[in-house]
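Trainee: Sharing a structure with you now.
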Amino acid sequence: MSTQPATENKPGPVQDAAPPARTATTLLGYGRERVERARGGEMGSLPAVAGLIVLVVFFWIVQPGFLSLYNIANLVTQAAPIIILAMGLVFVLLLGEIDLSAGTASGVCAALMAVMIVRHNMAWYFAVLLAVITGAVLGFVIGWLRAKARIPSFVVTLAAFLSFQGIVLMQVGKAGSISLPDQAAKPIITLEGYNNNLMPLWLGWVMLAVVAGGYALVKLRIAVSRRSAGLESEPTLVTVAKTAAMVILGAIFVYILGENRAIQQNAFFNNLKIEGIPWVVLLLIVLTVGLTFLLSRTRYGRHVYAVGGNDEASRRAGIRVDRIRISVFVLCSLLAAVAGVVQASQLESVASNFGAGNTLLLAVGAAVIGGTSLFGGRGRIMDAVWGGLVVAVIQNGMGDLIKGANSQAWQWIVTGLVLLLAAGFDAASRRVGGADSR
Amino acid sequence: MTETTTSATPRTAGSGEPILKLRAINKSFGPVHVLQDVDFEAHAGEVTALVGDNGAGKSTLVKCIGGTYSIDGGDYLFEGAPVKVHDPRDAASLGIEIVYQDLALCENLDIVGNMFLGRERVSGWRTLDENTMERMAGETLSGLSVRTVKSLRQQVSSLSGGQRQTVAIAKSVLWNSKVVILDEPTAALGVAQTAQVLDLVRRLADRGLAVILISHNMRDVLEVADRIVALYLGKTAAQVQRADVTQTQIVELITAGHSGNIGLLPTANGNGNGNGNAAQVAEVLGIADGIADEPAAVADAAADAEAAAGTEETDGTDGVQGAAE
Ligand SMILES: Nc1ncnc2c1ncn2[C@@H]1O[C@H](COP(=O)(O)OP(=O)(O)OP(=O)(O)O)[C@@H](O)[C@H]1O
Ligand SMILES: [Mg+2]
Chain A
1 MSTQPATENK PGPVQDAAPP ARTATTLLGY GRERVERARG GEMGSLPAVA GLIVLVVFFW
61 IVQPGFLSLY NIANLVTQAA PIIILAMGLV FVLLLGEIDL SAGTASGVCA ALMAVMIVRH
121 NMAWYFAVLL AVITGAVLGF VIGWLRAKAR IPSFVVTLAA FLSFQGIVLM QVGKAGSISL
181 PDQAAKPIIT LEGYNNNLMP LWLGWVMLAV VAGGYALVKL RIAVSRRSAG LESEPTLVTV
241 AKTAAMVILG AIFVYILGEN RAIQQNAFFN NLKIEGIPWV VLLLIVLTVG LTFLLSRTRY
301 GRHVYAVGGN DEASRRAGIR VDRIRISVFV LCSLLAAVAG VVQASQLESV ASNFGAGNTL
361 LLAVGAAVIG GTSLFGGRGR IMDAVWGGLV VAVIQNGMGD LIKGANSQAW QWIVTGLVLL
421 LAAGFDAASR RVGGADSR
Chain B
439 MTETTTSATP RTAGSGEPIL KLRAINKSFG PVHVLQDVDF EAHAGEVTAL VGDNGAGKST
499 LVKCIGGTYS IDGGDYLFEG APVKVHDPRD AASLGIEIVY QDLALCENLD IVGNMFLGRE
559 RVSGWRTLDE NTMERMAGET LSGLSVRTVK SLRQQVSSLS GGQRQTVAIA KSVLWNSKVV
619 ILDEPTAALG VAQTAQVLDL VRRLADRGLA VILISHNMRD VLEVADRIVA LYLGKTAAQV
679 QRADVTQTQI VELITAGHSG NIGLLPTANG NGNGNGNAAQ VAEVLGIADG IADEPAAVAD
739 AAADAEAAAG TEETDGTDGV QGAAE
């Protein structure tokens, strides 16, 4: 006994009700807690971020052009629709459900938008609004069939996946594709940088300042109020480090995309300047902040997690489980509509196979790679962002890496394998967490 | 109101008006008549043990009290006044909280999140008021002298069975509740954790709550109960003070439904006659073998005897209660 350090576990009267020990306030305690959580299967987005770094370095080594200015901008616009679709899927996956129709729902909405603009001369903003509302309605129907009619979501959304594909085919018609007109749909196609309509350089810096400053301010506010309430809080050093990382990475991003990335060999294009951030990044930031707020700081978000964790317990706690279940499908299809608009912006057209093929697979893969569990109860909006970037990097890197007749085939195979890997990781971390051992 | 005696002599507390009183409750699931004219009382400041064999209807009764099931017929009196309880919200607004047999915690939420589930506090802009919730959760846990959890921000999936039970119980007292119902809180726990939870149960009663404890574990019942209600095949076999019965009698009430009552008229508070009662029951039922060896046979025979004897056992119960008061 006497060999023990004096500070540890003094035996003696413990009659007074001591509050639970505080461990996370110190840096060491914070680190220890993080390690403990990782051991318990709570890795968050860590594997996705690590994977992203590895992949980027790998593709950069085997193909230096991968990190060209032009390709970096390309990566962002490629990732955007995947990320937005994945954000919607996070909500559905949090309940342990699946929405296989999200991809083709985005097709229905995008096609509707295109038809309205091209064939009915509807103003672009009305067309976008109509697309988003249509998404919400489709989601409500799917959610109702799942929650009230009690048909498994796998079946409901598989049926919807097929039907929606048919609807797109019908909407687009014989032409096979509807091009978005340069003038009438200009703001839409500008989103992904059509004709090099990009954010002014200064706005990129302002955006970075607002995001990083806002992040630091929110963190600081929370820390101050927690400390004044006598509660443990994240160590200041960790907050500072996170903010610093955000500022540095953000500054590199803004700077790189602020460089002229026009390929200047052609005399004709000699005075052309392509510089600035695509507008879609602003949309991504707004969605990330807004949806993260919704999930982590509101009662609604708490209830989504609760229902995903234990729906019976949630019901007993007075949560209206059916409403929550319907709402996540509404959100998912609504975000699918937004993703459809962004995808249409990138392609500047809507084809009859829009949103079909591997669109959904990539988005589900993104969410799962990012750290969202297929078993429900675990996931965050940032998972969609990190996972979406990983998927885009694989798509983009593979596309340039493998040439020849089978390049498309290899892309499919590798993407499938990555999804399988992520799902296996998910299952393993669930076992470690002990959720299976009951 | 009842004087709630704290800790010293809780065994004598709770005479007078019960806070919760059920009279002649009936509940059927289709053709299955699960609860038949069940009477039940719980008093503030007391632990009322609800005992009975598997399938006796304990969980069903508790779910009727908690509003998960609505009763088919009978009176539901709370603090002396008749009330209608149709869903869990009704019960919660009366101050009745249930800790279910399957714990009803969300493993993916932390302790604070679980304790405030469905009743989250929000501050300005409808955002969750995490600080207030964490502070209140901490106060509740330390008020119950719970020191086994490391951090209130721990996910429930990382807690032990006893810790989970503690969280579930603490959750139920967070709301100034008056009646707390625990459905087999110690069923899955080891010795030390059982002791912790029973300790907690005792403290709840000492704080003036009416605690209803369902348990199959005779030692738990003997240790913490002030009153005992025995259900037998969907009927109230007895409502007795703990001090007035022996372990053997309780066992008989559970397995046979009425043994304790029969020989228990004027001099029933003695300790030695438990076996005598068992013998008597066996005699009445026409069984020569030991009761403990073949409870199923006894149960069947008892059911037959019941059908023949009509309301005899209910009368017996009243006799016991009269003797206790
Ligand atoms: N929803 C239901 N539908 C039909 N019968 C039911 C239902 N719930 C319970 N029962 C029946 O009612 C009877 C009492 O069940 P209950 O769960 O209340 O018993 P219990 O006393 O809690 O048993 P245990 O000690 O095993 O938990 C059982 O015979 C059971 O089969
Ligand atoms: Mg039960």
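Which chain is which? The protein sequence lines are A and B, in order.
For reference, each letter of the first sequence is one residue, going 1 to 438 in the numbering used here.
For reference, each letter of the second sequence is one residue, going 439 to 763 in the numbering used here.
Even for Gly, the Cβ is constructed at its ideal location relative to N, Cα and C.
1. According to DSSP, simplified to helix, strand and coil, what is residue 121 (chain A)?
2. Below 7 Å between beta carbons is the criterion; list the residues of the stretch 545-566 of chain B that meet it against any residue of chain A, in chain order.
3. Of the choices A:120, A:125 and A:102, whose alpha-carbon is the least far from that of residue 141 (chain A)?
4. Measure from the alpha carbon of residue 494 (chain B) to the alpha carbon of each residue in B:474, B:597 and B:684, then state which is nearest.
5. Can you list the residues of chain B that residue 378 (chain A) reaches, using a CB-CB cut of under 7 Å?
6. What are the residues in the stretch 206-232 of chain A lying within 9 Å of chain B by C-beta distance?
7. If the cut is a Cβ gap below 8 Å, which residues of chain B does residue 312 (chain A) touch?
8. Check whether the stretch 307-316 of chain A touches the stretch 534-543 of chain B, counting contact only when three or more Cβ pairs, one atom from each stretch, lie closer than 8 Å.
9. Count Cβ pairs between the stretch 118-128 of chain A and the stretch 53-68 of chain A that sit closer than 8 Å; are there 3 or more?
10. If you count every other CB in all the chains shown that lies within 10 Å of the CB of residue 723 (chain B), and 16 or more means buried, which is it?
11. Got a sec: is the Cβ-Cβ distance from residue 746 (chain B) to anything in chain A below 8 Å?
12. For a cutoff of 8 Å on Cβ pairs, would you count residue 569 (chain B) as touching chain A?
13. Does DSSP put residue 524 (chain B) in a helix, a strand or coil?
14. Of all the CB atoms in chain A, is at least one closer than 8 Å to the CB of residue 623 (chain B)?
15. Is there a C-beta anywhere in chain A that falls below 8 Å from the one on residue 527 (chain B)?
16. Does any residue of chain A have a CB that is nearer than 8 Å to the CB of residue 734 (chain B)?
17. Please indicate yes or no: does the CB of residue 99 (chain A) lie closer than 7 Å to some heavy atom of ligand 2?
18. One question on the structure: do residue 608 (chain B) and residue 579 (chain B) come within less than 8 Å of each other, judged by their Cβ atoms?
19. If residue 114 (chain A) and residue 344 (chain A) are in contact, beta carbons under 8 Å, what's the gap, nearest whole angstrom?
20. On the premise that residue 86 (chain A) lies in contact with residue 392 (chain A), defined as a C-beta separation below 8 Å, what is that separation, rounded to the nearest angstrom?
21. Report the residue ranges of all beta strand (DSSP E) runs contained in full by the stretch 525-564 of chain B; include only those spanning at least 3 residues, in chain order.
22. What do you reckon, is the C-beta of residue 496 (chain B) under 7 Å from a heavy atom of ligand 2?
23. Counting only runs of 4+ residues fully inside the stretch 248-333 of chain A, write out the alpha helix (DSSP H) ranges in chain order.
24. Compute the minimum distance between the beta carbon of residue 654 (chain B) and the heavy atoms of ligand 1, and state whether it is under 7 Å.
25. List the DSSP bridge partners of residue 161 (chain A).
26. Quick check on DSSP: helix, strand or coil for residue 512 (chain B)?
27. Under DSSP, the beta strand (DSSP E) around residue 668 (chain B) begins and ends at which residues?
28. Does the distance between the C-beta of residue 513 (chain B) and the nearest non-hydrogen atom of ligand 2 fall short of 7 Å?
29. Just confirm the distance between the C-beta atoms of residue 688 (chain B) and residue 650 (chain B), as a whole number of angstroms; I'd bet it's less than 8 Å.
30. Just checking my contact of residue 91 (chain A) with residue 401 (chain A) at CB under 8 Å: how many whole Å lie between their CB atoms?
31. For residue 105 (chain A) and residue 167 (chain A), what's the separation of their Cα atoms in angstroms?
32. Under the rule that 16 or more other beta-carbon atoms within 10 Å means buried, what is residue 312 (chain A), buried or exposed?
33. Note down, in chain order, every chain B residue with its Cβ under 9 Å from the Cβ of residue 308 (chain A).
34. From the beta carbon of residue 535 (chain B), is the nearest beta carbon of chain A less than 8 Å away?
35. In angstroms, rounded to a whole number, what distance separates the CA positions of residue 615 (chain B) and residue 295 (chain A)?
Mentor: The answer reads as follows:
1. As a first step, residue 121 (chain A) is located in the first sequence; it is residue number 121 there, counting from the start. DSSP places residue 121 (chain A) in coil when its eight states are reduced to three.
2. Listed by position along the chain: 545, 546, 547, 551, 555, 556, 558, 560, 564, 565 and 566.
3. Position 141 of the first sequence, counted from the first residue, corresponds to residue 141 (chain A). For the options A:120, A:125 and A:102, the alpha carbon positioned closest to that of residue 141 (chain A) is the one of A:102.
4. Position 56 of the second sequence, counting from 1, holds the residue named residue 494 (chain B). The closest CA to that of residue 494 (chain B), considering only B:474, B:597 and B:684, is found on B:474.
5. Residue mapping note: residue 378 (chain A) aligns to position 378 of the first sequence, counting from 1. What residue 378 (chain A) touches in chain B, judged by beta-carbon distance under 7 Å, is 546, going in chain order.
6. Listed by position along the chain: 222, 225, 226, 228, 229, 230, 231 and 232.
7. Against the first sequence, residue 312 (chain A) aligns to sequence position 312. In chain order: 540 and 542.
8. Output reads yes: the stretch 534-543 of chain B touches the stretch 307-316 of chain A.
9. The answer is no - the stretch 53-68 of chain A does not touch the stretch 118-128 of chain A, with fewer than three Cβ pairs under 8 Å.
10. Here residue 723 (chain B) refers to the residue found at position 285 of the second sequence. Note that residue 723 (chain B) has pLDDT 42, beneath the 50 cutoff, so the model's placement of it is unreliable and no number is given.
11. The count along the second sequence starts at 1 and reaches residue 746 (chain B) at position 308. Residue placement at residue 746 (chain B) is poorly supported in this model, since its pLDDT is 41, which falls under 50; the coordinates are not used for a value here.
12. Here residue 569 (chain B) is taken as the residue at index 131 of the second sequence, counted from 1. So, interface residue.
13. Start at 1 with the first residue of the second sequence, and residue 524 (chain B) comes out as number 86. Of the three classes helix, strand and coil, the one that applies to residue 524 (chain B) here is coil, per DSSP.
14. Taking the first residue of the second sequence as 1, we reach residue 623 (chain B) at position 185. Output row for residue 623 (chain B): interface = no.
15. By one-based count along the second sequence, residue 527 (chain B) stands at place 89. At a cut-off of 8 Å between beta-carbon atoms, residue 527 (chain B) makes contact with chain A.
16. Along the second sequence, read from residue 1 onward, the residue named residue 734 (chain B) stands at position 296. Only weak support exists for where residue 734 (chain B) lies, its pLDDT of 42 falling under 50; the coordinates are left without a value.
17. By 1-based counting over the first sequence, the position of residue 99 (chain A) is 99. False, no ligand heavy atom lies under 7 Å from that Cβ.
18. If you number the second sequence from 1, residue 608 (chain B) lands on position 170. If you number the second sequence from 1, residue 579 (chain B) lands on position 141. Result yes, Cβ atoms of residue 608 (chain B) and residue 579 (chain B) sit closer than 8 Å.
19. To locate residue 114 (chain A), count along the first sequence from 1; it is residue 114. To locate residue 344 (chain A), count along the first sequence from 1; it is residue 344. Residue 114 (chain A) to residue 344 (chain A), Cβ: 7 Å. Contact.
20. Counting from one through the first sequence, the residue named residue 392 (chain A) turns up at place 392. Counting from one through the first sequence, the residue named residue 86 (chain A) turns up at place 86. Not quite, the Cβ-Cβ distance comes to about 11 Å (not below 8 Å), so this is no contact.
21. With a minimum length of 3 residues, the continuous beta strand (DSSP E) runs that stay inside the stretch 525-564 of chain B are 534-537.
22. Indexing the second sequence from 1 puts residue 496 (chain B) at position 58. Yes, ligand 2 has a heavy atom inside 7 Å of this Cβ.
23. The stretch 248-333 of chain A contains these whole alpha helix (DSSP H) runs: 280-297, 299-309 and 311-316.
24. In the second sequence, counting from the first residue as 1, residue 654 (chain B) sits at position 216. For ligand 1, a non-hydrogen atom lies closer than 7 Å to the CB of residue 654 (chain B).
25. The residue labelled residue 161 (chain A) in the question sits at position 161 within the first sequence. Beta-bridge pairing links residue 161 (chain A) to no other residue.
26. For the purposes of this step, residue 512 (chain B) is taken as residue 74 along the second sequence, with counting starting at 1. Here residue 512 (chain B) sits in strand by DSSP.
27. Position 230 of the second sequence, counting from 1, holds the residue named residue 668 (chain B). Run containing residue 668 (chain B): 665-670, per the beta strand (DSSP E) assignment.
28. Working through the second sequence from its first residue, we reach residue 513 (chain B) at position 75. False, no ligand heavy atom lies under 7 Å from that Cβ.
29. Walking along the second sequence from the start, residue 688 (chain B) turns up at place 250. Walking along the second sequence from the start, residue 650 (chain B) turns up at place 212. Separation of the CB atoms of residue 688 (chain B) and residue 650 (chain B) is rounded to 16 Å, and the pair is thereby denied contact status at 8 Å.
30. Counted from its first residue, the first sequence places residue 91 (chain A) at position 91. Counted from its first residue, the first sequence places residue 401 (chain A) at position 401. Taking C-beta atoms under 8 Å as the contact rule, residue 91 (chain A) and residue 401 (chain A) fail to qualify, at a distance of about 34 Å.
31. What you label residue 105 (chain A) is simply residue 105 of the first sequence in a count that begins at 1. What you label residue 167 (chain A) is simply residue 167 of the first sequence in a count that begins at 1. When rounded, the distance between both Cα atoms is 10 Å.
32. In the first sequence, the residue the question calls residue 312 (chain A) occupies position 312. Exposed.
33. For the purposes of this step, residue 308 (chain A) is taken as the residue at position 308 of the first sequence. From the beta-carbon of residue 308 (chain A), the residues of chain B found nearer than 9 Å are 544 and 546.
34. Counting from one through the second sequence, the residue named residue 535 (chain B) turns up at place 97. Not closer than 8 Å to any Cβ of chain A, the Cβ of residue 535 (chain B) fails to qualify, so no.
35. Position 177 of the second sequence holds residue 615 (chain B). Position 295 of the first sequence holds residue 295 (chain A). As the crow flies, the alpha-carbon of residue 615 (chain B) is around 30 Å from that of residue 295 (chain A).
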